[in-house]
Amino acid sequence: MSQQRSRTSRLLVLGVILLVAFGLRAWRLDRLELWFDETASYFVARKPPLEIVAYSARAIQEHPPGYYLLLHAWMSLAGESEFALRYLSLLAGVAFVPLLYRVARRWEGEGVALLAAILATMSPFAVAYAQEARMYTWVALLGFLLIVGVRRALVVGGGWWVVAGMLIVIGMAFHYLFALLVAAIDLYVFWRWGRIRQWRRLLLWFSVQAVGVVLLALWLLNAPGPADTLLDAIRPEWTNQPTPWVKLDKIIKDWTVGEIRNDAAYDRALSMAVALWLLAAFGLVTSLRGRGRRKSAASVADLPALLMIVLGVPIVAGVVIVPIVVGRYFIGSLFAFLFALALGLRALWQWRRPSGSLGLALVLTIFGYGLVYQYILGRGNNFGRILRATEVEMAPGDAIILTHPHLWPQVSYYGSRPLEQYAFVPDVPHPLDPHEIEARLEPILATHNRIVLGPVAPANTEPASVERRLNKLAFPAEKRWYPDSVFVATYLAPRPLRNETTPWVWAETVALPRWEHSEPTVMAGDGLRIEFHWKVLKPLSKRYLLSIQLVDADGQVWAERLSEPCNAWCPTDKWKAGDTPDENHALLVPADTPPGHYTVQLSWRDLETSTPLPLTAGGSGVVVTLLDVTVTGALVDVPPPPPTHPLAIRFADTLELLGSDGPTGPIHAGDRLPLALLWRLPARAAAKTT
9 MSQQRSRTSR
19 LLVLGVILLV
29 AFGLRAWRLD
39 RLELWFDETA
49 SYFVARKPPL
59 EIVAYSARAI
69 QEHPPGYYLL
79 LHAWMSLAGE
89 SEFALRYLSL
99 LAGVAFVPLL
109 YRVARRWEGE
119 GVALLAAILA
129 TMSPFAVAYA
139 QEARMYTWVA
149 LLGFLLIVGV
159 RRALVVGGGW
169 WVVAGMLIVI
179 GMAFHYLFAL
189 LVAAIDLYVF
199 WRWGRIRQWR
209 RLLLWFSVQA
219 VGVVLLALWL
229 LNAPGPADTL
239 LDAIRPEWTN
249 QPTPWVKLDK
259 IIKDWTVGEI
269 RNDAAYDRAL
279 SMAVALWLLA
289 AFGLVTSLRG
299 RGRRKSAASV
309 ADLPALLMIV
319 LGVPIVAGVV
329 IVPIVVGRYF
339 IGSLFAFLFA
349 LALGLRALWQ
359 WRRPSGSLGL
369 ALVLTIFGYG
379 LVYQYILGRG
389 NNFGRILRAT
399 EVEMAPGDAI
409 ILTHPHLWPQ
419 VSYYGSRPLE
429 QYAFVPDVPH
439 PLDPHEIEAR
449 LEPILATHNR
459 IVLGPVAPAN
469 TEPASVERRL
479 NKLAFPAEKR
489 WYPDSVFVAT
499 YLAPRPLRNE
509 TTPWVWAETV
519 ALPRWEHSEP
529 TVMAGDGLRI
539 EFHWKVLKPL
549 SKRYLLSIQL
559 VDADGQVWAE
569 RLSEPCNAWC
579 PTDKWKAGDT
589 PDENHALLVP
599 ADTPPGHYTV
609 QLSWRDLETS
619 TPLPLTAGGS
629 GVVVTLLDVT
639 VTGALVDVPP
649 PPPTHPLAIR
659 FADTLELLGS
669 DGPTGPIHAG
679 DRLPLALLWR
689 LPARAAAKTT
């Protein structure tokens, strides 16, 4: 009866641990967009199986096809959403916990098994990769199963040799650096053979391993991609690769707190990482010493040596061989680290029970630190959301330029157009000089009326260079900013311009003696192109905004471009007396602008106070009228966005109020209340009236 209760209690505790493991990995699984590597998984996995194999064989810096084939099959069952793609990794991550518990219980008893299961559940490193659509949790699971299979084969033989051979092949089909784990097992087998001198089992192991080696050799001989990747890794440029200490620092922190996307938080993690690795070393040493005083068993006598070899060899070899390393490359040895931590906690517990409790609290606190940053930061960004929102507002013939050649996987997942309709400038993974950038931009400008640059993030390859050239070659119309310094800029392609001369001077500091503009008849949805040729009379100590407005006969503003000169690349506080800066602008005419006659007005405003600069020559006041324009029917039939407050009110069956757009925050006495109403008229396009 007591045994039954003990078994029930054990299963209950294990069930709770599994629920926590599942919850940590499933919680907000799709909270972040897929990052580059995950969208690359999707890009490859959506191909037919034979094409997946062919792509993996020819692509440089690509993984073997095993995971992509598995993901391809999974996508046919679960779909292609962010949640579905990541759930496959979650399955392996959750399965890792009970398997580790069962093996640890067989090897070291109930206490170590529970500790190992808890650590595997809470590890931010394990949780992070269980929430990514990549192969790493499967590599961790396969590495663990291979170690178990090899140890069973060395003890009982039989079909376990076949299992070990199959796991080697599968593991190598998931990640090339799985070979480092196999090399570690070779060293372990040699070590074990030196103790028991069983030639037959030694030969059996290398015979089984030979199958995987031969298959890998055949693959590499017929796969130029991996071979070129190897040559790329040892090219001369890698002579300035990080030092071994920098690589090791990266690995030990990744394995303890995960790959935190915050430099300050990540730097603080070093002391935490060192503490946990010292605890793991303590567990291995005390376990090794304790075994000399205990009766050994064939299946467990060499466990500390196994853990040391499996944990140390792949990491040391990777630090020495691999140019750039991150912790996930060696995740196949993760179980050894967690097992060693569990042994360390048990040793503390046996020495002093309070020491064991404090040790467990320390480990869980450090893991919690990593988990908090994992959930707060993660890898994702808003690229997909911004791209989709941008494409909704684009006409079919508009061009879109992205400033990093490696954005194509994210574009393939989040973009609404075929991949070949996106232009990548630069299209190579290194910066281009201005002439090369112009050579790539000119054909785009010649064949499209409107060009969208972005989404552009600071990490992109020289985005400033591309933006500067577009500011010179095209007409900047709009620049929208998003979180994390991401922006999207809209440009109009160049068109023939008309020259104008004017006498205007503002505040006796800046004059506009000449400017140019496109045809004064503009279709709604298009824009007016303007090029200003300024002359600086006195130095400007402040930064000013240039306001260009489209105004109707009643004084209603229908469009405005408010920007610093040169799209903020030549701010006025850098202008000096005698300078003659030239800069381009485009005033977009909204697609829902009613046809009719309008004027284009120009003024300068203080960037900080919005105080306008007064005219001191050529007129009075603060605003000048550049020209009269005529707006004709819409260039494209683009419906206005839905109102924030939808309504459905009809007036005499001739007019319908569809809704309103108003402020979302609090309104105080004395504040202005901007309100835009969206009407639908039976005989004309819908228009917003304020």
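According to the numbering used here, the residues represented by the sequence shown are 9 to 698, in order. We put the beta carbon where it would ideally sit given N, CA and C, even for glycine.
Cα atoms of Phe214 and Leu195: separation of roughly 12 Å, rounded to the nearest angstrom.
It is roughly 11 Å from the alpha-carbon of Val158 to the alpha-carbon of Leu314.
Counting C-beta atoms within 10 angstroms of its own C-beta, His593 has 16 or more neighbours from the protein chains shown and is therefore classed as buried.
Nearest C-alpha to Leu122 among Arg208, Ile25, Val135: Ile25. Bridge pairing for Ile459: Ala407, Tyr499 [DSSP]. Apart from sequence neighbours up to five positions away, the residues of its chain that approach Ile408 with a beta-carbon distance below 6 Å are Tyr430, Val460, ordered along the chain.
In the DSSP assignment, Gln609 is bridged to Gln557, Thr633. The alpha carbon of Glu116 has as its nearest neighbour, out of Asp406, Gly352, Ala273, the alpha carbon of Gly352. Annotated as distal: Glu508 and Glu527, with beta-carbon spacing of 8 Å or more. Proximity of the region 542-560 to the region 580-597 meets the contact definition, three or more beta-carbon pairs being nearer than 8 Å. A Cβ-Cβ distance of about 6 Å is found for the pair Ala497 and Pro484, placing them in contact under the 8 Å criterion. With respect to the 8 Å criterion, Val327 and Pro252 are classified as neighbours on the basis of their beta carbons. Cβ-Cβ separation between Asp262 and Arg336: approximately 7 Å, consistent with a contact (criterion under 8 Å). Around the beta carbon of Thr601, 16 or more other beta carbons sit within 10 angstroms, so the residue counts as buried. Taking 8 Å as the cut-off, the Cβ atoms of Val371 and Ile259 do not count as close.
Put simply, the backbone Cα of Leu554 is about 22 Å away from that of Gly533. In the DSSP assignment, the residues bridged to Lys487 are Ala497.
Looking at the backbone, the Cα of Glu118 and that of Val221 are separated by about 37 Å.
If the five residues before and after Ala187 are omitted, its C-beta is found closer than 7 Å to the C-beta atoms of Met180, all from its own chain and listed in chain order. Looking at Glu41, Met143, Arg458, the one whose alpha-carbon comes closest to that of Arg503 is Arg458.
By the criterion of a C-beta distance shorter than 8 Å, Leu481 is surrounded in its chain by Glu446, Leu449, Glu450, Leu453, Pro502, once the five residues flanking it on both sides are discounted. Remark: three or more beta-carbon pairs, one from each stretch, lie closer than 8 Å, so the region 80-87 and the region 51-61 are flagged as touching. Leu570 and Ile538 have their alpha carbons spaced roughly 14 Å apart. Residue burial annotation: Pro232 is exposed, with fewer than 16 other C-beta atoms found within 10 angstroms of its C-beta.
Around the beta carbon of Glu140, a 10 Å sphere encloses 16 or more other beta carbons of the protein chains shown; the residue is thus reported as buried. Residue burial annotation: Ile384 is exposed, with fewer than 16 other C-beta atoms found within 10 angstroms of its C-beta. When only Cα atoms are considered, Leu98 and Glu399 end up about 32 Å apart.
Here DSSP, grouped into helix, strand and coil, assigns Leu655 to strand. Where Leu596 is concerned, the enclosing beta strand (DSSP E) starts and stops at 590-596. Around the beta-carbon of Trp416, 16 or more other beta-carbon atoms lie within 10 Å, marking it buried. Looking at Arg361, Leu22, Gly291, Ile556, the one whose alpha-carbon comes closest to that of Trp612 is Ile556. Excluding sequence positions up to five before and after Ala281, its CB lies within less than 6 Å of the CB of Ile260, Lys261, Thr264, all in the same chain and listed in chain order. In this structure, Gly405 places its C-beta atom within 8 Å of the C-beta atom of His456. Going by DSSP, Lys480 is part of the alpha helix (DSSP H) stretching over 471-481. DSSP places Met402 outside both helix and strand once states are collapsed to three, so it counts as coil. As computed with DSSP, Asn507 is found in a beta bridge with Glu524.
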